[in-house]
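Trainee:
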Amino acid sequence: MENNLHEEENYTQQQRQKPKNGRSIWFYSGVSSIVGSLVTSTVFLAGGNYFHDTHTASNAAQPKTAVQSSSQNSKLNVQNTSYNKGSSNIADMVEKSSKAVVGVVNLQAGNNGDLFSQDTTSQNVEAGSGSGVIYKKENGSAYIVTNNHVIEDAKEVQVALSNGVKTKAKIVGADPLSDLAVLKIDGSKAPDALSFGDSDSLRAGDQVIAIGNPLGLDLSRTVTEGIVSAVGRTVPVSTSQGEWELNVIQTDAAINPGNSGGALINSNGEVIGINSMKISESGVEGLGFALPSNDVLPIVNQLIKDGKVKRPYIGVSLSNLDELPQYYLQNAPKNLKSGVMVTGVDPKSAAARSGILEQDIIVSINGKKVANSSELRKYLYTKVGSNDKVTLGVYRGDIKKTVTVQLGN
Numbered sequence: 140m141e142n143n144l145h146e147e148e149n150y151t152q153q154q155r156q157k158p159k160n161g162r163s164i165w166f167y168s169g170v171s172s173i174v175g176s177l178v179t180s181t182v183f184l185a186g187g188n189y190f191h192d193t194h195t196a197s198n199a200a201q202p203k204t205a206v207q208s209s210s211q212n213s214k215l216n217v218q219n220t221s222y223n224k225g226s227s228n229i230a231d232m233v234e235k236s237s238k239a240v241v242g243v244v245n246l247q248a249g250n251n252g253d254l255f256s257q258d259t260t261s262q263n264v265e266a267g268s269g270s271g272v273i274y275k276k277e278n279g280s281a282y283i284v285t286n287n288h289v290i291e292d293a294k295e296v297q298v299a300l301s302n303g304v305k306t307k308a309k310i311v312g313a314d315p316l317s318d319l320a321v322l323k324i325d326g327s328k329a330p331d332a333l334s335f336g337d338s339d340s341l342r343a344g345d346q347v348i349a350i351g352n353p354l355g356l357d358l359s360r361t362v363t364e365g366i367v368s369a370v371g372r373t374v375p376v377s378t379s380q381g382e383w384e385l386n387v388i389q390t391d392a393a394i395n396p397g398n399s400g401g402a403l404i405n406s407n408g409e410v411i412g413i414n415s416m417k418i419s420e421s422g423v424e425g426l427g428f429a430l431p432s433n434d435v436l437p438i439v440n441q442l443i444k445d446g447k448v449k450r451p452y453i454g455v456s457l458s459n460l461d462e463l464p465q466y467y468l469q470n471a472p473k474n475l476k477s478g479v480m481v482t483g484v485d486p487k488s489a490a491a492r493s494g495i496l497e498q499d500i501i502v503s504i505n506g507k508k509v510a511n512s513s514e515l516r517k518y519l520y521t522k523v524g525s526n527d528k529v530t531l532g533v534y535r536g537d538i539k540k541t542v543t544v545q546l547g548n
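When the letters of the sequence shown are read in order and numbered with this note's numbering, they come out as residues 140 to 548.
(1) For the segment 396–413 and the segment 440–458, state whether three or more C-beta atom pairs, one from each stretch, are separated by less than 8 angstroms.
(2) Hey, how far is the Cα of Leu246 from the Cα of Ile453?
(3) Can you name, in chain order, every residue of its own chain whose Cβ lies under 8 angstroms from the Cβ of Ile443, other than the five neighbours on each side?
(4) Hey, is Gly547's beta-carbon within less than 9 angstroms of any beta-carbon in chain C?
(5) Does the separation of the CB atoms of Val272 and Gly401 fall below 9 angstroms?
(6) Counting pairs of beta carbons, one from the segment 263–270 and one from the segment 326–333, are three or more of them closer than 8 angstroms?
(7) Mapping DSSP to helix, strand and coil, what is Ile438?
(8) Am I right that Pro592 and Thr378 are in contact with their C-beta atoms under 8 angstroms? What's the rounded C-beta distance?
(9) Provide the residue span of the alpha helix (DSSP H) that contains Ile350, from first to last.
(10) Checking 9 angstroms against the spacing of the C-beta atoms, do Gly483 and Ser456 come in under that value?
(11) Run the CB neighbour count on Ile504, radius 10 Å, all protein chains shown included, and call it buried at 16 or more, exposed below.
(12) Distance check for Ile350 and Lys248, CA to CA, integer angstroms please.
(13) Take Asp537 and list the residues in its own chain whose beta-carbon comes closer than 8 angstroms to its own, dropping the five residues that flank it on each side.
(14) I'd like to know whether the C-beta atoms of Ser317 and Leu436 end up nearer to each other than 9 angstroms.
(15) Considering only their Cβ atoms, is the gap separating Ser237 from Ala299 smaller than 9 angstroms?
(16) If we ignore side chains and look at the alpha-carbon of each, how far apart do Asn526 and Gln545 end up?
(17) Starting from the Cα of Asn433, find the closest Cα among Phe335, Asn474, Ser368, Gln441 and give me that residue.
(18) Report back the beta-carbon spacing between Val347 and Ile404 to the nearest angstrom; my notes put them in contact at under 8 angstroms.
(19) May I ask you to report which of helix, strand or coil DSSP gives Ala489?
(20) Using DSSP with H/G/I as helix, E/B as strand and the rest coil, what is Lys540?
(21) Just curious, the beta strand (DSSP E) that Glu384 is in, first and last residue?
(22) Quick check on the DSSP output: the beta strand (DSSP E) that includes Asn287 runs from which residue to which?
(23) Beta-carbon separation of Asn302 and Asn352 under 9 angstroms?
(24) Bridge partners for Tyr452 per DSSP, in chain order?
(25) Considering Cα atoms alone, identify which of Ser368, Val240, Asn287, Lys528 is closest to Ala490.
(26) How long is the line joining the alpha carbons of Gly279 and Asp231, rounded to whole angstroms?
(27) Beta carbon of Tyr534, beta carbon of Val509: below 9 angstroms?
(28) Leaving out five residues on either side along the sequence, give the residues of the same chain with a beta carbon under 6 angstroms from the beta carbon of Arg162.
(29) Just curious, the alpha helix (DSSP H) that Arg516 is in, first and last residue?
(30) What separation, rounded to the nearest whole angstrom, lies between the Cα atoms of Tyr518 and Gly524?
(31) So Leu496 packs on Val479, CB below 8 angstroms; how close in whole Å?
(32) Going by Cα to Cα distance, which pick from Ala293, Val241, Val304, His288 is closest to Tyr274?
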């Protein structure tokens, strides 16, 4: 299994086999499993085709559905997230906020002809649907935040507004690693945008409300309430750009298939999370997850500006040591159990200029040990920037070397 650290490559989406180290695997079919120390659960990415399945683990072989659930320097003004459940102000707030939550329909190519027909004409058909949040209106356009997995592989995307009107949307940009995407529609058709709050101010026990479209557009703008169960959770995911870990807010507010991309809001009507996924298992309820607003905003603003997320680039393809046949490790130190082997080098990359070769084994970056490609990628994308220099600890055969690499973009 190769993981390419070049952000701008085209990646093919595929289901990944469960690795030997027992890490959690998420499938883009809408069903995946998390393996913990106490339970084995099914993770639903909170989108889906709501007319042909029952959202159980047995549906893993169903066709792909929609399918997983201000600038960085802006000052966010957020008040206390607690509220009085009996207050009519909450209903007023929900009524206002829900207008900015939209349905997002993923349309993919379908065949008009039957199996024996020579008619090969095709039209786009609905593959699944999710939710989205109107983020801002600017220069005649309205920008909508949703999950990447809701619109991934779409040939066309439609947005269903609160007044029932459907309109075609343009994909401004998408980022599989953060599971975020931005859409753009005609601003004259859209209601006012929702304000985003400060997710760093959240504490376990704060009360929140989830708004989205569970089980499709027929139940659009469904409202559920709950509390923040935990903050700072880390959930491993398998994306079309490799293994990654998402920082999430855990909540017991009901988040069901179709809620992906919807809003998790506080009592002031501010978005403090983008609903993304849930865990479903017999006897287990109230395990929903949302992407924190403070993680969402920098990504969204970069997608609006550049159409993609720019990350440091080494220019190598990697495989984890525990996934390689022993044949490839016969020249490595016998006690070497963790690290990543270089399986390919972009000839025009920083890695090539620094002398990194195929079958080199990277074991550290800037003195920090890396056990697998996910750890290396996480360090690159969170600790350093483009054009920074990093020091890699590398085994070439059984000889350890230090290589300095100036990162690209």
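Note that beta-carbon positions come from the ideal geometry of N, C-alpha and C, so glycine has one too.
Mentor: Judging by the given coordinates:
(1) In the pairwise beta carbon analysis, the segment 396–413 is classified as not touching the segment 440–458: fewer than three pairs are separated by under 8 angstroms.
(2) The C-alpha of Ile453 is placed about 35 angstroms away from the C-alpha of Leu246.
(3) Correct list, in chain order: Tyr282, Val311, Gly312, Val321.
(4) The structure shown contains no chain C; it holds only a single protein chain.
(5) A distance below 9 angstroms separates the beta carbons of Val272 and Gly401.
(6) The segment 263–270, when compared against the segment 326–333, does not touch it at the 8 angstroms Cβ threshold.
(7) Reduced to three states, the DSSP call for Ile438 is helix.
(8) Examination of residue 592 is not possible in this model, given that the chain is present from 140 through 548 alone.
(9) No alpha helix (DSSP H) contains Ile350, which is instead part of the beta strand (DSSP E) from 346–351.
(10) It is a contact, given that the beta carbons lie within the stated cut-off.
(11) Ile504 is buried by the Cβ-count criterion.
(12) It should be noted that the sequence gives Ala, not Lys, for residue 248. For Ala248 and Ile350, the distance between alpha carbons rounds to 29 angstroms.
(13) Here the set comprises Asn470, Ala471, Pro472.
(14) In this structure, Leu436 does not lie closer than 9 angstroms to Ser317 by Cβ.
(15) Going by beta carbons, Ala299 and Ser237 fall outside the 9 angstroms limit.
(16) Approximately 6 angstroms, taken between the alpha carbons.
(17) Here the closest residue by C-alpha is Phe335.
(18) Contact holds; Cβ gap of about 7 angstroms.
(19) In the structure shown, Ala489 sits in a helix (DSSP, three-state: H, G or I).
(20) Correct three-state label for Lys540: strand.
(21) Residues 381–390.
(22) No beta strand (DSSP E) holds Asn287; the alpha helix (DSSP H) holding it covers 287–290.
(23) Not closer than 9 angstroms, so no.
(24) In DSSP, Tyr452 forms a bridge with Gly547.
(25) Distance check between Ala490 and each of Ser368, Val240, Asn287, Lys528 places Lys528 closest, using alpha-carbon atoms only.
(26) Taking the straight line from one Cα to the other gives about 28 angstroms.
(27) The answer is no: Cβ separation not under 9 angstroms.
(28) Only weak support is given to the placement of Arg162: the predicted model assigns it a pLDDT of 36, under 50, and the value that follows is read from those uncertain coordinates. Excluding residues within five positions, the ones whose Cβ falls inside 6 angstroms are Pro375.
(29) Where Arg516 is concerned, the enclosing alpha helix (DSSP H) starts and stops at 512–522.
(30) Answer to the nearest angstrom: the Cα atoms are 10 angstroms apart.
(31) Their Cβ separation, rounded to whole angstroms, is 14 angstroms, which puts Leu496 and Val479 out of contact at 8 angstroms.
(32) Nearest of Ala293, Val241, Val304, His288 to Tyr274, Cα basis: Val241.
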